[in-house]
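Let me begin by presenting the structure, written as C-alpha cells, before commenting on it.
Residue numbers (my numbering): 163 to 296.
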C-alpha cells in the first residue's frame, strides 16, 4: 500500500482560493468601516432607530475579516484545522449572502456567493486536502 505524498508547492487552484480569502477578509474590513460611517452619519442626523443592528453587522463583519485573514496567514503553515475552519467560515458567509440576496441584495452578493463557492470547492478538493494534510 503506497502513501500519497503531499505536494511541496501549493496547488494553483488553492493559491487562487487563498487569494480570494484575503480579498474577502479585506472587503469585510472595508464593509465594517462603511457601516460604522453610516451609523455615525445616521446618529448625527437623529436617525438612530436601527443603529444597534447596523453596529452589530459591522462587528460581525470585523469578526469575519479577522477570522479570514488569520486563516489565510495560517494556511501557509499547512494546518488541516485551518482548511476546515475556512470551509466553515465560507459556508456561514454563504448562508448570510443567500439571506441578503433574498432580502433585495444584488450583484455584489452574487459575486460573494461565487467567491465563497470557489473557496469551498478548492479547500474541500482532494488537492486541497492533500496539501493541508502533508
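We treat Cβ as the ideally placed atom computed from N, Cα and C, and that holds for glycine.
Residue i lies in the alpha helix (DSSP H); which residues open and close that run?
i: residue 289; result: 288 to 294
i: residue 186; result: 174 to 206
i: residue 245; result: 242 to 264
i: residue 214; result: 213 to 237
For residue i, does the count of other Cβ atoms within 10 angstroms reach 16, so buried, or fall short, so exposed?
i: residue 242; result: exposed
i: residue 225; result: exposed
Among the options, which has the Cα closest to the Cα of residue i?
i: residue 221; options: 201, 173 and 178; result: 201
i: residue 295; options: 268, 269 and 244; result: 244
i: residue 218; options: 205, 194 and 209; result: 194
i: residue 257; options: 278, 270 and 246; result: 278
i: residue 190; options: 271, 285 and 214; result: 271
For residue i and residue j, what's the separation of their Cα atoms in angstroms?
i: residue 236; j: residue 289; result: 18 Å
i: residue 254; j: residue 185; result: 17 Å
i: residue 283; j: residue 291; result: 11 Å
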